[in-house]
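*Asks:* In numbering that gives the first Met the number 0, the protein residues as written are 0 to 329. Note that the Cβ used here is the ideal one computed from N, Cα and C, for glycine as well. Structure incoming, see below.
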Amino acid sequence: MVTLGRAGVAAGALSAPAARAEARRLLIKATLADLPTAPERKKVPLFADYAEEFWLDYSPHWKPSTRRSSRYRIDKQLVPRFRELSVDMIERADINRWRDSMADRGGSFNRSIPIMSVMMQYAEKLGYRAKGSNPCRGVSRFKRDLPERYLSVDEYRRLGKVLAEHDGANQFVVPALLMLIYTGARVSEIATLRWRYVQLPRLALPDSKTGPKTIYLNPQAIGVLDALQRRGENQLVFPAMYREKPINLGQHWEKIRRKAALPDVRLHDLRHSFASVAIAKGIPLATIGKLLGHALPETTARYAHLADEVITESADRICCNLASSMGMTA
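Here you go:
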């Protein structure tokens, strides 16, 4: 039994309407007592505060290079843009407006939105957003005309001549560049190569842009390594001049490419050129992707047009020979 109060006119007594209202409240409370109640909603932070929470939880699992670039984009692009918005209030329209404002910096937007997407996914896991509400999902990236520069036979000849005559102070510059040319490896993979990764006839890299990677060595690349004095297992194959740190090929490449009259050729173009030569020799795209260490087939597909050009050229040569045999000319 529950006593609601005292009847009558004494101080503190309940009137009949008030007693009935209180009785209804207690009855409703008793009826709902055994039913599940909605969970208390978590307090949702502003984006600026959430950015620090996300960073403390998530960034330790990134590579150092990813941490540096992501921290820059969070501080310089994401926080200034979404600072005052509550994390659960960021909608697709906000992302689209951000995209529109970055029309003249499409590459920067393309590199920043994956970070924003990861942040929104993690907010869902923390209970700050409803499940499946990531506003970045499906937002289109800016299409970019990626530069494609491939060395011709004559350009390879000029470059080879310059490398053969190079007399720089650092003896590791030319061998490192030759490894880039012969393997199609990324600059960072060669610059940070350590002797313990050299397991002829391959390089077993424990980490790369796409994770652990095996680089298969041809006789020319093996010859480059054989010509070097093998140092301690944990030491760099191509160190800097005076310290045990990765060689800076960029500063040397500027001088070398000018001597070879190739001022527009970047170090990364040596990787593109490796792929173009492979295609010219009829090597399938899938195999080229494995040689280059591409994680996704779509990455290798950028070279598909080169394969089409090779096939078209071959068809033209065949038809010319056939026409000549029949005494016919175009």
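Go ahead and pull the three-state DSSP assignment for Lys-130.
*Replies:* Reduced to three states, the DSSP call for Lys-130 is coil.
*Asks:* Secondary structure at Thr-213, three-state DSSP: helix, strand or coil?
*Replies:* strand
*Asks:* Can you tell me whether Asn-133 is buried or exposed? The criterion is at least 16 other CB atoms within 10 Å of its CB, across all chains shown.
*Replies:* Residue environment analysis places Asn-133 among the buried positions, since at least 16 neighbouring C-beta atoms fall within 10 angstroms of its C-beta.
*Asks:* Nearest to Tyr-121 by alpha carbon, out of Phe-53, His-267, Ala-163?
*Replies:* Measuring C-alpha to C-alpha distances from Tyr-121 to each of Phe-53, His-267, Ala-163 identifies Phe-53 as the nearest.
*Asks:* Taking 8 angstroms as the threshold (C-beta atoms), are Leu-266 and Leu-291 in contact?
*Replies:* no
*Asks:* Buried or exposed: Ser-69, going by 16 or more other Cβ atoms within 10 Å of its Cβ?
*Replies:* buried
*Asks:* Could you work out which residue in Leu-176, Lys-28, Gly-137 is closest to Lys-254 when comparing CA atoms only?
*Replies:* Leu-176
*Asks:* Of all the options Val-78, Val-1, Thr-30, which has the alpha carbon lying nearest to the alpha carbon of Ala-18?
*Replies:* Val-1
*Asks:* Would the beta-carbon of Thr-213 fall within 8 angstroms of that of Ala-220?
*Replies:* no
*Asks:* Specify, as a first and last residue, the run of the alpha helix (DSSP H) that Leu-235 falls within.
*Replies:* Taken as a continuous stretch (DSSP letters only), Leu-235 belongs to no alpha helix (DSSP H), as it is neither H nor E.
*Asks:* Cutting at 8 angstroms between CB atoms, please list the residues of its own chain near Ala-260, excluding the five before and the five after it.
*Replies:* Arg-157
*Asks:* Roughly how many whole angstroms lie between the Cα atoms of Arg-91 and Cys-135?
*Replies:* 7 angstroms
*Asks:* Leaving out the 5 sequence neighbours to the left and right, which residues in its chain are closer than 7 angstroms to Leu-224 when beta-carbon positions are compared?
*Replies:* Val-197
*Asks:* Have a look at Tyr-215 and Tyr-181 and give me their C-alpha separation to the nearest angstrom.
*Replies:* 10 angstroms
*Asks:* Using only alpha-carbon positions, find the residue among Ala-190, Leu-150, Lys-244, Ser-100 that is nearest to Ser-272.
*Replies:* Selected option, being the one with the closest Cα: Leu-150.
*Asks:* Buried or exposed, going by whether 16 or more other CB atoms sit within 10 Å of the CB of Arg-185?
*Replies:* buried
*Asks:* For Met-119, count neighbouring Cβ atoms within 10 angstroms of its own Cβ and tell me buried if that reaches 16, exposed if not.
*Replies:* buried
*Asks:* Decide if Ala-277 is buried, meaning its Cβ has at least 16 other Cβ atoms within 10 Å, or exposed.
*Replies:* buried
*Asks:* Leaving out the 5 sequence neighbours to the left and right, which residues in its chain are closer than 6 angstroms to Leu-179 when beta-carbon positions are compared?
*Replies:* Ile-189, Leu-269
*Asks:* Go ahead and pull the three-state DSSP assignment for Gln-120.
*Replies:* helix
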